[in-house]
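**Student:**
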Amino acid sequence: MTPPRRPGHVSGEGSVVGDVVAGFRITRRLRVNGCTAIYQATPADRAINDRPGDTVILKTLCRGGPRRVHRRLDNETAVLRHLADTEVAPDVVSTGDTESQRFLAIDRRPGLTLRQVARSSDPATREFATVALAVTAAVTRLHSAGVIHGDISRRNVLIDGDRVTLIDFEGGGLIDGDVTPPRKITWAYAAPELARPIRPTVFTDQYGTAAILYRQLTGRRHRPVVEGSAADSTEALSIPPTPLTGWPAATWPELTTVFATALAVAPGDRFASMAQFEAALAAALASPRSADI
């Protein structure tokens with residue numbers, strides 16, 4: 001006998017394709033993890049393939065879920081509302097509670113994640129320069145809007161032509177805020193100071209942005225992995241970046257210095273702002289020396 005589906009759980013009522021949650025019909029399961037889930041959905045009163053613009057990303061959380069994930073959902077909702085109409089992040093469509101779940105519906109932005117872009121193209125092309133400048137410009141705009149992302153990773157950057165959307169603001173916050181946001185960090189790209197329990201800053205965002213671009217360009221992490229050390233430890237995070245070599249260094253000689261600065265172990269040794277990092281990167285990428293770029 002098949003057990004009944006438990007309402008509000010990602011393996012229960014309101015969790016499979018065709019189910020309706022808060023007026024949205026689930027069309028695709030994107031990510032599920034215990035009591036939290038992310039779906040693609042469309043308004044329940046319209047056909048599944050009615051209009052692409054009606055598609056939303058639906059984040060759900062069962063009401064009895066851990067306090068930390070409730071805080072993350074609250075935090076992301078507040079940050080996205082602050083960023084409304086800035087184009088750098090998705091807009092909130094609706095948010096609220098059902099009998100068994102909490103939900104956040106945001107507009108679905110087109111494009112591929114930076115990680116997907118890396119899998120579908122050769123980094124040794126002019127595409128890297130275009131993508132790198134678009135990504136840094138997006139983070140600069142984010143900071144100009146008064147917000148820190150807190151978890152810059154290749155999964156959290158969407159690329160659609162020359163348009164970049166930053167997603168997943170569960171660990172984000174206001175630059176001038178006095179509340180420490182809940183932690184959600186991708187340690188592979190985390191700044192060394194995040195080994196301590198501090199708020200993310202414009203400098204940690206700068207570091208994360210440089211780290212993901214370094215990997216996008218080289219296919220490698222920007223620092224060696226320390227065997228036997230926890231990923232979030234000071235020992236693992238404080239390794240200086242590996243200098244660029246090979247064709248990237250030969251193609252853009254100044255890029256080595258740009259990465260070394262943005263990825264400096266001490267925040268004070270990095271660029272003073274994302275705008276300065278963006279300008280230095282643009283100058284370094286302006287005149288490639290390789291004929292095939």
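Under UniProt numbering, think of the first position of the sequence shown as 1, with each following residue one higher. All residues carry an ideal CB built from backbone N, CA and C; glycine is no exception.
Excluding the five sequence neighbours on either side, which residues of its own chain have a C-beta within less than 8 Å of the C-beta of S238, listed in chain order?
**Tutor:** Same-chain partners within the cutoff: P192, A195 and V265.
**Student:** Looking at the structure shown, is L285 part of a helix, part of a strand, or coil, going by DSSP?
**Tutor:** helix
**Student:** Ignore the nearest five residues each way along the sequence and tell me which others in E278's own chain have a CB closer than 7 Å to its CB.
**Tutor:** T136, A137 and T140
**Student:** How long is the line joining the alpha carbons of R71 and G171, rounded to whole angstroms?
**Tutor:** 9 Å
**Student:** Identify the continuous alpha helix (DSSP H) that holds G219 and give its terminal residues.
**Tutor:** G219 -> no alpha helix (DSSP H), and no H or E assigned at all.
**Student:** Can you give me the Cβ contacts of A231 inside the same chain, cut-off strictly under 7 Å, excluding the 5 residues immediately before and after it?
**Tutor:** Counting only Cβ-Cβ distances below 7 Å, and skipping sequence neighbours, we find W187.
**Student:** So which of Q116, I212 and D74 has the shortest CA-CA distance to T180?
**Tutor:** D74
**Student:** So, using beta-carbon positions, are L255 and A210 closer together than 8 Å?
**Tutor:** At the C-beta level, L255 and A210 stay beyond 8 Å of one another.
**Student:** Where does D205 land, buried or exposed, given buried means 16+ other C-beta within 10 angstroms?
**Tutor:** buried
**Student:** I need the straight-line Cα distance from G18 to L30, nearest angstrom please.
**Tutor:** 14 Å
**Student:** I need the DSSP call for L30, collapsed to helix, strand or coil.
**Tutor:** strand
**Student:** Could you check if P240 is buried or exposed, using at least 16 other CB atoms within 10 Å of its CB as the buried criterion?
**Tutor:** With fewer than 16 neighbouring CB atoms inside 10 Å of its own CB, P240 falls in the exposed class.
**Student:** Would you report the Cα separation of V117 and E235, rounded to the nearest angstrom?
**Tutor:** About 31 Å.
**Student:** Could you tell me whether the segment 144-161 touches the segment 79-93, using the rule of 3 or more Cβ pairs below 8 Å?
**Tutor:** yes
**Student:** Distance check for T251 and N49, CA to CA, integer angstroms please.
**Tutor:** In this predicted model, N49 has a pLDDT of only 47, less than 50, meaning its place in the structure is not dependable; the value taken from the coordinates is given anyway. Computed Cα separation, rounded: 45 Å.
**Student:** Does the distance from the C-beta atom of H222 to that of T201 stay below 8 Å?
**Tutor:** No, they are not a contact pair.
**Student:** Could you check the C-alpha separation between F24 and I159 for me, to the nearest Å?
**Tutor:** 26 Å
**Student:** What are the start and end residues of the alpha helix (DSSP H) that includes A134?
**Tutor:** Here the alpha helix (DSSP H) through A134 covers E127 to S144.
**Student:** Between R119 and R108, what straight-line distance do the alpha-carbon atoms span, to the nearest angstrom?
**Tutor:** 22 Å
**Student:** Excluding five sequence neighbours on each side, which residues of the same chain lie with their C-beta closer than 8 Å to the C-beta of P66?
**Tutor:** C35
**Student:** Quick one: what's Y39 bridged to in DSSP?
**Tutor:** R29 and L58
**Student:** Can you tell me where the alpha helix (DSSP H) holding V69 begins and where it ends?
**Tutor:** R67 to H82
**Student:** Name the one or two DSSP bridge partners that S94 has.
**Tutor:** A105
**Student:** Could you spell out the range, first to last residue, of the beta strand (DSSP E) harbouring T165?
**Tutor:** Membership of T165 in the beta strand (DSSP E) is indicated by the continuous run R163 to L166.
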